[in-house]
Amino acid sequence: MALDENIYELRRQKLTAIEALGQTTYRSKYEFTHTIPQILADYSEKTAEQLENSRVNVRVAGRIMAIRLMGKAGFCHLQQGGQRLQIYVKKDAVGEKGFELYKLLDLGDHIGVAGYLFRTRTGELTIHVDEITFLSKDLLPLPEKWHGLTDVELRYRQRYVDLVMNPEVREVFLKRSKLVQSLRRTMEAHGFVEVETPMMQPIAGGAVARPFVTHHNTLDMDLYLRIAPELYLKRLVVGGFDRVYEINRNFRNEGLGWRWNPEFTMLEYYQAYADFHDMMDLTQELIMQAAKDVTKDKEHPDGITRTKWGDQEIDWGNWQRLTMREAIIKFWPDSSGAKPGMSDFASSDGVKKLVEHFNRSHSHMAYDPGEPVGKTIAALFEAVAEEHLTQPTIIYEFPTAISPLSKQKPDEPDWTERFEIYAGQMEIANGFSELNDPEDQRRRFEAQLKERERGDEEAHQMDEDYVRALSYGMPPAGGVGVGVDRLAMLLTDSHTIRDVILFPLLRPEKSSPSSENQAES
RNA sequence: GGGCGCGUAGCUCAAUUGGCAGAGCAACUGACUCUUAAUCAGUAGGUUGAAGGUUCGAUUCCUUCCGCGCUCACCA
1 MALDENIYEL RRQKLTAIEA LGQTTYRSKY EFTHTIPQIL ADYSEKTAEQ
51 LENSRVNVRV AGRIMAIRLM GKAGFCHLQQ GGQRLQIYVK KDAVGEKGFE
101 LYKLLDLGDH IGVAGYLFRT RTGELTIHVD EITFLSKDLL PLPEKWHGLT
151 DVELRYRQRY VDLVMNPEVR EVFLKRSKLV QSLRRTMEAH GFVEVETPMM
201 QPIAGGAVAR PFVTHHNTLD MDLYLRIAPE LYLKRLVVGG FDRVYEINRN
251 FRNEGLGWRW NPEFTMLEYY QAYADFHDMM DLTQELIMQA AKDVTKDKEH
301 PDGITRTKWG DQEIDWGNWQ RLTMREAIIK FWPDSSGAKP GMSDFASSDG
351 VKKLVEHFNR SHSHMAYDPG EPVGKTIAAL FEAVAEEHLT QPTIIYEFPT
401 AISPLSKQKP DEPDWTERFE IYAGQMEIAN GFSELNDPED QRRRFEAQLK
451 ERERGDEEAH QMDEDYVRAL SYGMPPAGGV GVGVDRLAML LTDSHTIRDV
501 ILFPLLRPEK SSPSSENQAE S
């Protein structure tokens, strides 16, 4: 073989040689008797004698993750389901052709083996192979075996390699799957019906965010990728679905960051005849159950409520509830002078003074005196309190100015029956008693339009059909949105959202100049 | 978008003040029938992200661009 040929070409040639040995190079299926995790679960406790006395014949498939050749025998580690099992291949056992095949195998190849279980001299459970079946070739070399793949860009761009090399990454996504299952199970247990509402909407409503725009050719109309399913789910409540939920993607055309990906998964649910207090209770139960379901293992068959979060621990069985104003008072920094009193939130002058006091001792909090007071209070809350909210905390009573879809408090119209759940310094859920007065809703949309004219691109648009739906009468209802990605982060101790999204958004790969030339020629 | 940092072999990383681009793993050849980070002997592998500039000489210094990370602002 010429020395300048690269690995890809060499392996293609090996593939030809493997075919010459009578193997099918890309066969359709392989009949196996066990998976590797099954064998490890069932036979890890068996002694060498037990395995010798009652021989266990197995056929398994896997990817070669380590290979050691010693003249006329060799070992491999096969990986399947994130676990590894050793195989022992001896020329005497597999024959001339079988051993020729063994010598043509590379790291990363998929093979099937038939043989029996035994323990090596060092005691490792191993398959004594009688027959190797070639399944599929790895033409590109896997990353280095000691350090694996650590380059974060490559891990995200080539997640398939990341998953092969890093078992802990696989674990994160298995837990994410358990999380979503758990959420569905809790919803179903409470009698909620799962539905799917439009991802492409003529008006991007239900949240405050900039949308992605797309275009339908036949109808010649612009459509927005949804920023929330909210207004459609509530139309269903009008239609008589008293308990309804959806788990699906939302799209927001905003910046990226450790907590933000342009597409993210949201669980959203609505319950008729319930208010925000009922929704707090339900959501608390939902999340605690999710923590238990994700942490279930042999030691903890029912799961646990404590999960690791960096150098801290989050206890999902211990919740705190504070109003937004109480939270600002509670976490008010000493360096910003005397703690605010409730009356300070009542006037724009009072709030302005609070911001001034806070900014005197802290990095500047953006403040626009022209914006509604409620908006400033909410910003102040985030600046003062958010960083302290590691343990699960329900913050409730949000300003009406930033809650155009929530029902007002009967005794304080500037405040709404709305809550958000915080944990690990992140907002993970948002819920409220749904505004169901169509005329009030129209006025709220109109107030949002003023904000839009003031330059707030993200303020709500008027949705006439939604107002019409409410005009047919929506029962009293509570609704909640839960950020599934962020919950997955918290439950897997992942500190960037990209680690819980299989294929996070990246800039397109720039093709190298040489390949561009090839493309042009 | 702003600020800071990074980009060297397939992977993980070196390279003294600006002075011959190196190692381990992976690969290739050979030895080895219980190894496991297998071992032993040998071989090959590079437009140092790209383009320009300064210099006798640039992986190193400067400029621009590309990509990534962290961070700030908007957003969940």
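Read in order, the letters of the first sequence are residues 1 to 521 in the working numbering.
Note that beta-carbon positions come from the ideal geometry of N, C-alpha and C, so glycine has one too.
query	result
If you run the structure through DSSP and keep just helix, strand and coil, what is I203?	coil
In chain order, what residues of the same chain have a beta carbon less than 8 Å from the beta carbon of F381, not counting five sequence neighbours either side?	M324, A327, I328 and I395
What residue ranges within the region 248-274 form continuous alpha helix (DSSP H) runs of no fewer than 4 residues, ordered along the chain?	none
For a test of the three-state rule: what should DSSP assign to M1, helix, strand or coil?	Reliability of the predicted coordinates at M1 is poor, the pLDDT of 32 falling under 50, and the value obtained from them is presented with this limitation in mind. Coil, per DSSP.
Should F32 and A61 be called a contact, given that it needs their Cβ atoms to be closer than 7 Å?	yes
Taking 7 Å as the threshold (C-beta atoms), are T416 and T393 in contact?	no
Who are the near neighbours of D315 in its chain, counting only those whose CB is closer than 8 Å to its CB and skipping five residues on each side?	T305, R306, Q391 and P392
Is the distance from the Cβ of F192 to the Cβ of Y245 below 7 Å?	yes
Give the single residue among Q158, G148 and I7 whose Cα lies nearest to the Cα of M165.	G148
Can D92 and A114 be called in contact, C-beta distance under 7 Å?	no
Do D485 and T265 have their CB atoms nearer than 7 Å?	yes
Could you tell me how far apart the beta carbons of V373 and S343 are, in whole angstroms, since I believe they sit closer than 8 Å?	Rounded, the Cβ-Cβ distance is 13 Å, inconsistent with contact.
In terms of residues, what are the limits of the beta strand (DSSP E) holding I314?	Q312 to D315
In terms of residue numbering, what span does the beta strand (DSSP E) encompassing L135 cover?	L125 to S136
Helix, strand or coil, according to DSSP, for P37 in the structure here?	helix
DSSP three-state call for H216: helix, strand or coil?	strand
Consult DSSP for N359 and reduce its assignment to one of helix, strand or coil.	helix
State the CB to CB distance for the pair V294 and W332, rounded to an integer number of angstroms; the pair is presumed to be in contact (CB under 8 Å).	Contact doesn't hold; Cβ gap of about 35 Å is too wide.
If you compare alpha carbons, which of A469, V56 and F503 is closest to K234?	A469
Classify R160 as helix, strand or coil using the three-state DSSP reduction.	Note on identity: in this sequence residue 160 is Tyr, with Arg being the wrong assignment. DSSP places Y160 in helix when its eight states are reduced to three.
Please report the residue range of the alpha helix (DSSP H) in which D463 lies.	Element bounds for D463: n/a, residue is neither H nor E.
In chain order, what residues of the same chain have a beta carbon less than 7 Å from the beta carbon of F345, not counting five sequence neighbours either side?	R325, V351 and I377
Below 8 Å, can you find three or more Cβ-Cβ pairs linking the region 450-457 to the region 135-154?	no
Which of the three DSSP states, helix, strand or coil, is assigned to Q320?	strand
Taking C-alpha atoms, which residue in Y8, I7, T35 and Q50 lies nearest to L78?	T35
In the DSSP assignment, find the beta strand (DSSP E) that holds L223 and state where it starts and stops.	M221 to L225
Taking just the CA atoms, how far does E285 sit from F276?	14 Å
Report yes or no: do three or more beta-carbon pairs, one from the region 116-127 and one from the region 9-23, lie closer than 8 Å?	no
Would you report the Cα separation of L505 and T47, rounded to the nearest angstrom?	49 Å
Note down the Cα distance separating A291 from T218, rounded to an integer number of angstroms.	46 Å
Are the CB atoms of N436 and M474 within a distance shorter than 7 Å?	yes
What's the C-alpha gap between E451 and A459?	6 Å
Straight-line CA distance for T214 to L40?	50 Å
Between the alpha carbons of C76 and V172, how many angstroms are there, rounded?	27 Å
Cβ of G206 within 7 Å of Cβ of A228?	yes
Look at the Cβ atom of L139, then the Cβ atom of R11, and state whether they are nearer than 7 Å.	yes
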